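J.: Number 3 in numbering that gives the first Met the number 0 belongs to position 4 of the sequence shown; there are no gaps in the numbering.
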Amino acid sequence: MSDLNTLYKQQVLAHNKNPQNYGEPAHWTHHAEGLNAICGDQVHVYLTIEEDVIKAAHFAGDSCAISMASASMMTELVTGQSIFEALHLFAAFKQMMSDEGLAEAKEVLGPVACLVSVKKFPARIKSALLCWYTLNAAINGQPTATTE
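1) Applying the criterion that 16 or more other CB atoms from any shown protein chain within 10 Å of the CB defines a buried residue, is residue 10 buried or exposed?
2) Which runs of the beta strand (DSSP E) at least 3 residues long sit entirely within the segment 108-145? Give them in chain order.
3) Mapping DSSP to helix, strand and coil, what is residue 78?
4) Over what stretch of residues does the beta strand (DSSP E) that includes residue 51 continue unbroken?
5) Looking at the structure shown, is residue 31 part of a helix, part of a strand, or coil, going by DSSP?
6) Only counting the same chain, and skipping five residues up and downstream in sequence, which positions put a Cβ closer than 7 Å to that of residue 31?
7) Within the same chain, show all residues whose beta-carbon is closer than 8 Å to that of residue 52, passing over the 5 residues directly before and after it, in chain order.
8) Helix, strand or coil: which one does DSSP assign to residue 0?
9) Could you give the distance in angstroms between the alpha-carbon of residue 36 and the alpha-carbon of residue 122?
10) Return the chain-ordered list of same chain residues with a C-beta closer than 7 Å to the C-beta of residue 15, the five sequence neighbours on each side being excluded.
11) Name the DSSP bridge partner or partners of residue 60?
12) Roughly how many angstroms separate the alpha carbons of residue 147 and residue 131, rounded to a whole number?
This is how it looks when you write it as structure tokens:
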């Protein structure tokens, strides 16, 4: 098994068992709800944005292990980032999950790049992407997001 696949399995299991930044915070400035109607994943992303910087990112919802792990890793990655940087991370993640590949994404996404292994299961790609689309919607003041 490749190192990337091993890291993927370890990260998904760890973040699913102990998700970081899980739960609706007491205070937030931006929020969006994401839904993947085909598999039933639902996620809420809550952001606290001050002076164009994501001071805190949280998520809640009911979703599969891949979706939960992706959201957990995403909130860790975007906390402390500027809006511009967070949108760049969203674009890099989308690129990584498409046919365009992994090259820049590995550098930009760091440990989150292990989720590229989801591409081996095409039906699960939308589960990994849902929280990212929801992050984008929250930043842009849109109430909902979908992977459809």
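C-beta: ideal position from N, C-alpha, C; glycine also.
In this text the structure is predicted, and so the values were computed from the model without any measurement.
T.: Result, derived from the coordinates:
1) As a first step, residue 10 is located in the sequence shown; it is residue number 11 there, counting from the start. Classification for residue 10: buried.
2) 143-145
3) On the sequence shown, position 79 is the one that residue 78 refers to. In the structure shown, residue 78 sits in coil (DSSP, three-state: anything other than H, G, I, E or B).
4) On the sequence shown, residue 51 is found 52 positions in, with the first residue counted as 1. Premise fails: residue 51 is in no beta strand (DSSP E) and is neither H nor E.
5) Here the question's residue 31 lines up with position 32 in the sequence shown. Reduced to three states, the DSSP call for residue 31 is strand.
6) Locating residue 31 in the sequence shown gives position 32, counting from the first residue. So the list reads 44, 133, 136, 137, 141, 142, 143, 144, once near-sequence residues are dropped.
7) In the sequence shown, counting from the first residue as 1, residue 52 sits at position 53. Excluding sequence neighbours, residue 52 sits near 79, 80, 81, 82.
8) Taking the sequence shown and counting its residues from 1, one reaches residue 0 at position 1. Because residue 0 carries a pLDDT of 43, less than 50, the predicted location of this residue cannot be relied on, and the following value inherits that uncertainty. Residue state, collapsed to three classes: coil.
9) Along the sequence shown, one-based indexing puts residue 36 at 37. Along the sequence shown, one-based indexing puts residue 122 at 123. In a straight line, the C-alpha of residue 36 is about 13 Å away from that of residue 122.
10) Counted from its first residue, the sequence shown places residue 15 at position 16. 64, 67, 68.
11) Position 61 of the sequence shown, counted from the first residue, corresponds to residue 60. The partner list for residue 60 (beta bridge, DSSP) reads 42.
12) On the sequence shown, residue 147 is found 148 positions in, with the first residue counted as 1. On the sequence shown, residue 131 is found 132 positions in, with the first residue counted as 1. Going by the C-alpha atoms only, they are around 13 Å apart.
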